[in-house]
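Worksheet for the structure shown next.
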């Protein structure tokens with residue numbers, strides 16, 4: 001089985017928290033990620049959104065686009081509007097050969113609101129998730145037909161956060177809605193990461209290898225503190241520096257035949273967690289667990 005190792009620029013600059021972003025350029029970020037051993041980078045706010053500008057920068061550093069966030073609004077919106085909203089990113093990702101667009105639902109989310117405690121996140125009924133699942137399936141099928149699939153990102157402080165909410169979304173959606181599995185977000189939400197893989201492995205098309213510091217998470221007051229408060233306190237980190245057993249996680253994915261990208265996406269304060277150093281730790285740990293799980297890491 002083959003695996004590719006990527007990383008997200010959120011370790012260098014945070015799109016929701018500019019105050020914990022370094023002033024490094026896109027070129028500097030790509031150079032450090034490549035120095036750490038990664039060959040793919042997800043997009044972020046310092047990426048040019050036209051292929052003619054971006055492709056030479058990627059080629060200079062031997063990097064490819066391995067995904068990138070799209071702030072979806074389909075929960076409260078309609079498919080026609082969402083098609084228009086995603087069109088520019090879809091064109092760029094097709095032009096640079098990205099594997100997928102990371103779809104994150106931001107209708108009603110509190111993930112970017114530091115004043116909103118974790119406990120106040122939007123909760124959907126099963127009937128609402130059923131309606132949403134049908135819309136997401138239709139939208140996912142359309143994206144795939146256009147040549148650029150999405151991968152759905154369950155996320156802390158978003159409408160689909162917990163294991164139970166994800167189970168309902170998978171129940172009420174079809175194969176046309178692929179799943180991004182994020183171990184860190186699921187652990188933060190109190191889910192069983194291995195059980196989620198067991199239940200939904202047939203839908204997983206993209207993997208974020210986000211680690212967590214459980215002592216930080218366990219100490220949070222979710223009635224008062226927000227998702228962004230948790231980020232600033234250091235809830236997330238890279239594999240090899242946190243609480244999760246990534247050897248077990250990767251072996252479980254391997255047992256079901258998953259092949260593709262494993263992307264380190266660990267938002268931290270770069271002042272206290274130098275991104276290059278953390279990227280090297282994450283890459284070293286991923287190489288170890290990939291070998292243990294029987295993967296061949298390819299560029």
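In UniProt numbering, the protein residues as written are 1 to 299. Quick reminder that beta carbons are idealized off the backbone N, C-alpha and C, glycines included.
Task: Three-way DSSP call (helix, strand, coil) for residue 69 in this model - done: The answer is strand: DSSP assigns residue 69 an E or B state.
Task: Contiguous alpha helix (DSSP H) assignments of at least 4 residues, all confined to the region 100-128 - done: Counting whole runs of 4 or more residues, the region 100-128 contains no alpha helix (DSSP H) stretch at all.
Open item on the list: Would residue 151 and residue 180 be called neighbours here (beta carbons separated by less than 8 Å)?
Closed with: It is a contact, given that the beta carbons lie within the stated cut-off.
Task: Rounded separation between residue 46 and residue 12 - CA only - done: Cα-Cα distance, rounded: 11 Å.
Task: Closest residue to residue 134 among 117, 177 and 108 (Cα-Cα distance) - done: Answer by Cα proximity: 177.
Open item on the list: DSSP three-state label for residue 61, please.
Closed with: If DSSP states are grouped into helix, strand and coil, residue 61 belongs with coil.
Task: Bridge-paired residues (DSSP) for residue 197 - done: As DSSP reads the structure, residue 197 sits in no beta bridge.
- [ ] Can you have a look at residue 147 and say buried or exposed, based on whether 16 or more other CB atoms are within 10 angstroms of its CB?
- [x] Per the 10 Å Cβ criterion, exposed.
TODO: Kindly indicate which residue of 237, 248 and 278 has the alpha-carbon position closest to the one of residue 34.
DONE: Here the closest residue by C-alpha is 278.
Open item on the list: Do residue 220 and residue 230 have their beta-carbon atoms positioned less than 8 Å apart in this structure?
Closed with: Yes; because the gap between Cβ atoms is below 8 Å, this pair is in contact.
- [ ] Please look up how many angstroms separate the CB atoms of residue 265 and residue 8, rounded, as I've assumed it's under 8 Å.
- [x] Rounded to whole angstroms, the Cβ separation of residue 265 and residue 8 is 4 Å, and the two are in contact under 8 Å.
- [ ] Take the Cβ of residue 272 as the centre, count every other Cβ of all protein chains shown within 10 Å, and call the residue buried at 16 or more, exposed below.
- [x] Under the 10 Å beta carbon count, residue 272 is surrounded by fewer than 16 other beta carbons and is classified as exposed.
Task: 8 Å Cβ cutoff met for residue 95 and residue 51 - done: A contact, by the Cβ cut-off of 8 Å.
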